[in-house]
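Asker: Numbering (this note's numbering), first residue to last: 22 to 374.
Note that the Cβ used here is the ideal one computed from N, Cα and C, for glycine as well.
Shown next as structure tokens:
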């Protein structure tokens, strides 16, 4: 029997769906959302009905030919969890709908829950959510005792890429030390050692990116948040969506920035170089976690397709370890294969409580 799996991945400016028949991708659809499309929604959670309608439309087009066995969604900003698969239950959806931490992936599980209910699917999962937390005790400590360092990162793509990088080196995931840099709308980095993601640099504590502010000096950030008019929620949305390349250059598309650089835009060139510079700094920072004994550095995500950008990073970090490229995102496949392992009994789905 073939398992037809519906995959849902909501991003900040796009909604992606895919249909997998076991390991084979049958259909992929990506809907881009312009600023005007999203303008009516003050908060990310307000987009749930809008994006659920898109999912229902997709399933209506495929369900007769490909009756679904399961739906799997990108996980959101949950409380810290172990790596792997989780059932989408009421507690999980309630947590994501009530959390104050806005992220586009928070929309995916509630959409999957709605699809599972409408089509009577008993298999509805997330896999390797953003909150996968395998930090070592020393990595959890910050300078403020009440503020534990949490692991919020692109765990799904980065764990999958770490597996692929280890295989490319002729090693198993639990035998290698791999640093992964995910280069998307937000940048995040992680170090994987002997089968665990033991430390990370999240998209709000590392390099700035097309849409994120990245790490800021604490005193200046405090003054920014509290020293001016306007609500703090509005300023937080700027840090996680209205900053980075968007704030400096008025756009968040790296391809457009590179075209401007070719046209001799010196400001665009300087800002773009700074983004690569900060990314390299983050890679160097994580290398110290393993005392410099790193098997490979893997660059992945949408911007990893740009040799111009990745070469700027390579120049600064190649002395640490070989740099491997895995351009694009691997998230849809990773979600589908994770759900398939559960459907086949090779892995057991966990319960979020």
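Any heavy atom of the ligand NAD closer than 7 Å to the Cβ of residue 218?
Answerer: What this structure holds is no ligand at all, so the ligand NAD is not there to describe.
Asker: Rounded to a whole number of angstroms, what is the C-alpha to C-alpha distance between residue 37 and residue 49?
Answerer: Approximately 7 Å between the Cα atoms of the pair.
Asker: Secondary structure at residue 95, three-state DSSP: helix, strand or coil?
Answerer: In the structure shown, residue 95 sits in a strand (DSSP, three-state: E or B).
Asker: What separation, rounded to the nearest whole angstrom, lies between the Cα atoms of residue 118 and residue 207?
Answerer: The straight-line gap from Cα to Cα measures roughly 22 Å.
Asker: Between residue 55 and chain D, is any beta-carbon pair separated by less than 8 Å?
Answerer: Of the protein chains in the structure, only one exists, and it is not chain D.
Asker: How is the beta strand (DSSP E) around residue 287 delimited, first residue to last?
Answerer: Run containing residue 287: none in the beta strand (DSSP E); it sits in the alpha helix (DSSP H), 287-308.
Asker: Give me the residue from 350, 353, 332 and 351 with the minimum Cα distance to residue 344.
Answerer: Of the candidates 350, 353, 332 and 351, the one whose C-alpha sits nearest the C-alpha of residue 344 is 332.
Asker: Considering residue 384, what are the terminal residues of the alpha helix (DSSP H) in which it resides?
Answerer: Nothing can be reported for residue 384, as the shown portion of the chain is limited to 22 through 374.
Asker: Which class does residue 36 belong to by DSSP, given the choice of helix, strand or coil?
Answerer: Reduced to three states, the DSSP call for residue 36 is strand.
Asker: Rank 258, 352, 181 and 56 by C-alpha distance to the C-alpha of residue 193 and give the top, closest one.
Answerer: Of the listed residues, the one whose Cα sits closest to residue 193 is 181.
Asker: In the region 163-223, which residue ranges form an unbroken beta strand (DSSP E) of at least 3 residues, counting only runs that do not cross its ends?
Answerer: Within the region 163-223, the complete beta strand (DSSP E) runs of at least 3 residues are 198-204, 208-214 and 217-222.
Asker: Pick helix, strand or coil for residue 261, following the three-state DSSP scheme.
Answerer: DSSP places residue 261 in strand when its eight states are reduced to three.
Asker: Please classify residue 146 as buried or exposed, where buried requires at least 16 neighbouring CB atoms within 10 angstroms.
Answerer: It counts as buried.
Asker: Suppose the cutoff is 6 Å on Cβ atoms and the five residues either side in sequence are ignored; what does the same chain contact list for residue 359 look like?
Answerer: The residues are 106 and 148.
Asker: Grouping DSSP H, G and I as helix and E and B as strand, with all else coil, what is residue 139?
Answerer: The answer is helix: DSSP assigns residue 139 an H, G or I state.
Asker: Express the C-alpha separation of residue 279 and residue 103 in angstroms, rounding to a whole number.
Answerer: Whole-angstrom Cα-Cα distance: 39 Å.
Asker: Name the DSSP beta bridge partners of residue 335, please?
Answerer: Paired residues: none, contrary to the question.
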